[in-house]
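Peer 1: Submitted below is the structure of interest, expressed as structure tokens.
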Amino acid sequence: VQLQASGGGLVQAGGSLRLSCAASGNTFRVNRMGWYRQAPGMSRELVAYITGGGSTNYAESVKGRFTISRDNAKNTMYLQMNSLKPEDTAVYYCHTQTIYYDDYWGQGTLVTVSS
Numbered sequence: 009v010q011l012q013a014s015g016g017g018l019v020q021a022g023g024s025l026r027l028s029c030a031a032s033g034n035t036f037r038v039n040r041m042g043w044y045r046q047a048p049g050m051s052r053e054l055v056a057y058i059t060g061g062g063s064t065n066y067a068e069s070v071k072g073r074f075t076i077s078r079d080n081a082k083n084t085m086y087l088q089m090n091s092l093k094p095e096d097t098a099v100y101y102c103h104t105q106t107i108y109y110d111d112y113w114g115q116g117t118l119v120t121v122s123s
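In terms of our numbering, the sequence shown opens at residue 9 and continues consecutively.
Below is the structure:
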């Protein structure tokens, strides 16, 4: 499975961005998909994930501001980010865990939120 993330960029605080993650290859294996982020000098942390059945889970810091979704027909996952804050600045990585419990990562997309 290959994952290609896109949609990052520079935005002012309070603004919005939408990230996309397109899966290719053996996509029939894709089960849970999620977004992680890593800020400079910090560990990678979970932002949100969505299961194959559509259940979602969010980090407390993004609840009410970010929305994760997926289009299984397009093998694509999205992260709608609203009310962005400078502390949301990070490289965002998409991730999937397959039905065989293998883990795959995308290359990361940089989100920069200016104050």
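Heads up, the beta-carbon is just placed ideally off N, CA and C, and yes, glycines get one too. All figures in this text were calculated on a predicted structure; none of them were measured in a lab.
With DSSP as the reference, label V121 as helix, strand or coil.
Peer 2: strand
Peer 1: Less than 9 Å separating the beta-carbons of N34 and T120?
Peer 2: no
Peer 1: Is F74 buried or exposed, if buried means 16 or more other CB atoms sit within 10 Å of its CB?
Peer 2: buried
Peer 1: Can you give the Cα-Cα distance for G116 and G22, rounded to whole angstroms?
Peer 2: 22 Å
Peer 1: I believe V19 touches L25 by the beta-carbon criterion, under 8 Å. Please report the beta-carbon distance rounded to the nearest angstrom.
Peer 2: 6 Å
Peer 1: With distances taken from CA atoms, which of S14, R78, S91 is nearest G61?
Peer 2: R78
Peer 1: Out of L118, D111, S122, S123, which has the shortest C-alpha to C-alpha gap to Q127?
Peer 2: Because the chain here runs from 9 to 123, residue 127 falls outside it and cannot be looked at.
Peer 1: In this structure, does DSSP put V9 in helix, strand or coil?
Peer 2: coil
Peer 1: On the three-state DSSP scale, how would you describe S77?
Peer 2: strand
Peer 1: Under 9 Å between the Cβ atoms of V55 and V70?
Peer 2: In contact: V55 and V70 (Cβ atoms closer than 9 Å).
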